[in-house]
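To keep things clear, I will list the structure first and then write my remarks on it.
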Amino acid sequence: MYRRILMVCLGNICRSPLAEGILKSKVNSLNILVDSAGTSNYHIGEPPDRRSVEIANKYGIDIANQRGRQFSVKDFDSFDLIFAMDNSNYKSILRLARNEEDVKKVNLILNLLYPEKNIDVPDPYYGGVQGFENVYKMLNEACEVLLKKLS
Numbered sequence: 001m002y003r004r005i006l007m008v009c010l011g012n013i014c015r016s017p018l019a020e021g022i023l024k025s026k027v028n029s030l031n032i033l034v035d036s037a038g039t040s041n042y043h044i045g046e047p048p049d050r051r052s053v054e055i056a057n058k059y060g061i062d063i064a065n066q067r068g069r070q071f072s073v074k075d076f077d078s079f080d081l082i083f084a085m086d087n088s089n090y091k092s093i094l095r096l097a098r099n100e101e102d103v104k105k106v107n108l109i110l111n112l113l114y115p116e117k118n119i120d121v122p123d124p125y126y127g128g129v130q131g132f133e134n135v136y137k138m139l140n141e142a143c144e145v146l147l148k149k150l151s
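What follows is the structure, given as structure tokens:
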């Protein structure tokens, strides 16, 4: 059974903090650890983008205390499932994989909704509020599917 799940995007300030918060809000009674990270080192120690915090708040989820961190090889040992938000970050994670066991832990989060279609969660960073709303809805839907698999 999967008990430790990691969400990964580029900077760990927009998509993966939202995914972490959404999934945590759904699995709180299932004893599942959820975390997030970024493949880059751009925002280590920083809180999520205020627009991600605002959209999470809109849906009753508090992600304000999360802090950005960079994905590392150790994460393959610490987590059972690793979800990349897009193909670029998926490839970045796989470049750090040490073996086939590491590779098997990694998938694109939207493959939960659209199996093997390899669709990206778009990065809302350079867009407006609607982009964050769209990302929230995609991630919420994917996390609902994941919750059913975990229950």
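For the sequence shown, the residue numbers in my numbering are 1 to 151. Idealized CB from N, CA, C, for every residue including glycine. All figures in this text were calculated on a predicted structure; none of them were measured in a lab.
Item: Which residue wins for smallest C-alpha separation from Glu-54, given the options Glu-141, Val-135, Leu-146?; Value: Val-135
Item: Taking a contact to mean a Cβ-Cβ separation below 7 Å, would you say Leu-10 touches Thr-39 in this structure?; Value: yes
Item: Could you check which residue in Ala-56, Pro-124, Arg-98 has the C-alpha nearest to that of Asp-86?; Value: Pro-124
Item: Using the Cα positions of Gln-130 and Gln-66, report the straight-line distance between them to the nearest angstrom.; Value: 22 Å
Item: Alpha carbons only, please: which of Leu-112, Val-8, Glu-141 is nearest the one belonging to Ser-72?; Value: Val-8
Item: CB Ser-83 to CB Ile-109, shorter than 7 Å?; Value: What sits at residue 83 in the sequence shown is Phe, not Ser. In contact: Phe-83 and Ile-109 (Cβ atoms closer than 7 Å).
Item: Within the continuous alpha helix (DSSP H) that includes Asp-49, where are the two ends?; Value: Premise fails: Asp-49 is in no alpha helix (DSSP H) and is neither H nor E.
Item: Look at the alpha carbon of Asn-140 and the alpha carbon of Glu-101, and state the distance between them as a whole number of angstroms.; Value: 28 Å
Item: With a threshold of 8 Å on Cβ separation, who are the neighbours of Ile-93 within its own chain once the five nearest residues in sequence on each side are excluded?; Value: Val-8, Thr-39, Phe-71, Ile-82, Ala-84, Val-106
Item: Starting from the N-terminal side, write out each stretch of the beta strand (DSSP E) that is 3 residues or longer and does not extend beyond the stretch 55-106.; Value: 81-84
Item: If distances are taken between C-alpha atoms only, which option among Gly-128, Leu-147, Val-121, Leu-96 comes closest to Met-138?; Value: Val-121
Item: Just grab the DSSP bridge partners of Ile-5 for me.; Value: Val-34, Leu-81
Item: Could you have a look at Leu-146 and say whether DSSP puts it in helix, strand or coil?; Value: helix
Item: Spatial neighbours of Leu-147 within its chain, please: C-beta separation below 7 Å, excluding the five flanking residues on both sides.; Value: Lys-26, Val-27
Item: Output needed for Arg-51: all residues of its chain with C-beta closer than 8 Å, excluding positions within five of it in sequence on either side, in chain order.; Value: Cys-14, Pro-124, Val-129, Phe-132
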